[in-house]
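Residue numbers (this note's numbering): 26 to 395. Quick notes on the structure that follows.
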Ligand SMILES: NC(=O)c1ccc[n+]([C@@H]2O[C@H](COP(=O)([O-])OP(=O)(O)OC[C@H]3O[C@@H](n4cnc5c(N)ncnc54)[C@H](O)[C@@H]3O)[C@@H](O)[C@H]2O)c1
């Protein structure tokens with residue numbers, strides 16, 4: 026039996042911010058499987074239904090409901106828990122909301138990130154923190170090459186700008202405070218792109234839009250049919266985040282290092298192709314293509330990540346191909362809507378299936394042969 030991620034999460038106190046959200050709830054489930062003592066910090070449950078509620082994570086972890094925009098609250102949470110690891114995912118995560126509420130977005134994503142780092146700095150209890158930003162943190166100059174960790178940060182829309190700004194905040198804390206000998210904190214930032222998987226019910230994301238509509242026998246309304254995205258399953262970046270946490274723990278030299286996590290360069294499919302792939306697995310699914318309702322809300326075109334650094338330093342590369350990614354996703358929703366299985370078990374089964382496939386493919390991060 027292989028111990029995943031060097032078994033470093035077993036019996037450790039791991040705080041996941043944004044634990045009620047899509048990625049945070051999957052990460053909490055995976056950490057539970059790894060034997061961690063999981064704590065969550067969020068300001069409520071963002072959707073109804075939600076993966077967090079469906080998997081009954083409330084009763085499986087210690088969940089604190091607070092707003093990360095308030096430093097004193099964040100400090101108290103860190104002091105009370107004294108976490109060994111932090112995965113910071115709490116954010117206003119939607120580009121469209123960032124146009125309607127830029128202040129909320131910048132407050133949550135920039136000041137909220139600073140509050141997490143500031144609380145860790147003040148408490149200075151030994152802790153390794155993985156700060157989740159986004160592929161949108163890069164200055165998207167719409168070129169054909171994948172962005173590297175050394176490329177310029179930027180962001181034309183408020184969401185992207187908030188993620189670029191969060192990166193700068195993380196960098197200054199890593200350099201100015203956590204790099205010093207007296208600091209017990211080590212931090213990295215991680216940048217991933219469009220994630221899909223079961224249990225996402227966020228608004229204006231293509232998979233939840235399809236699943237909501239098709240589960241009610243309605244056609245899905247699609248805005249950017251031709252937009253191409255580097256889709257990846259939620260477990261892909263999460264395996265990268267867990268691997269980064271392990272490596273940061275083993276080698277503090279990684280303090281301040283950013284990492285990209287994305288699919289292989291040729292795994293770019295359009296929204297239309299994604300829908301067509303999902304339709305093969307979901308009968309009676311109809312699509313209604315509409316023009317984007319607000320031309321001012323420009324969505325960036327292709328944004329690819331170069332993941333050579335993750336491969337070289339972490340031995341990480343993506344596991345699933347496009348067809349497998351879509352199958353994992355649709356299978357989860359089908360089982361959920363048909364109420365065929367206990368949802369937590371289903372999530373755990375998918376995590377196990379994902380790990381088994383990575384082992385069969387002899388991926389370095391899963392076999393620990395580095
Ligand atoms: N889902 C994607 O495709 C994607 C892509 C790139 C980056 N990301 C980033 O990954 C992270 C997780 O994304 P997600 O899709 O799970 O998001 P989500 O919207 O599903 O969840 C967001 C979480 O943050 C919490 N939150 C929001 N504002 C808060 C506040 N003020 N105080 C405390 N908690 C707050 C919510 O309660 C929720 O738990 C985010 O940082 C997001 O920007 C997501």
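Virtual Cβ for every residue (Gly too), placed ideally from N, Cα, C. From a predicted model like this one, the values you see are computed outputs, not experimental measurements.
Buried or exposed, going by whether 16 or more other CB atoms sit within 10 Å of the CB of residue 193?
Its Cβ having fewer than 16 others within 10 Å, residue 193 is exposed.
Starting from residue 278, follow the beta strand (DSSP E) in both directions and report where the run begins and ends.
That residue, residue 278, is in no beta strand (DSSP E); it is neither H nor E in DSSP.
Out of 68, 46, 37 and 331, point me to the one whose CA is closest to residue 57's CA.
37
Per DSSP, what kind of secondary structure is residue 207 in: helix, strand or coil?
Looking at residue 207 - three-state DSSP - the assignment turns out to be coil, as it is neither helix nor strand.
From which residue to which residue does the beta strand (DSSP E) around residue 39 run?
Counting along the chain, the beta strand (DSSP E) containing residue 39 begins and ends at 38-42.
Below 8 Å, how does it come out for the region 230-250 and the region 306-314: are there three or more Cβ pairs, yes or no?
Output reads yes: the region 306-314 touches the region 230-250.
Own chain, CB closer than 6 Å to residue 372, minus 5 neighbours either side, in chain order:
54 and 80
Distance check for residue 217 and residue 262, CA to CA, integer angstroms please.
6 Å
Minimum C-alpha distance to residue 197 - residue among 250, 142, 101 and 164
142
Do the region 250-258 and the region 326-333 meet, that is, are 3 or more Cβ pairs less than 8 Å apart?
Touching, per the Cβ criterion.
Quick one: is the Cβ of residue 114 within less than 7 Å of any heavy atom of ligand 1?
yes
For a test of the three-state rule: what should DSSP assign to residue 332, helix, strand or coil?
coil
Are the region 202-213 and the region 269-287 touching, with three or more C-beta to C-beta distances below 8 Å?
Contact between the region 202-213 and the region 269-287 is present, because at least three Cβ pairs lie under 8 Å.
Quick one: Cα of residue 286 to Cα of residue 332, how far?
When rounded, the separation of the alpha-carbon atoms in residue 286 and residue 332 is 6 Å.
Grouping DSSP H, G and I as helix and E and B as strand, with all else coil, what is residue 217?
strand
Can you tell me which of 362, 66, 304 and 314 puts its alpha carbon nearest to the alpha carbon of residue 348?
304
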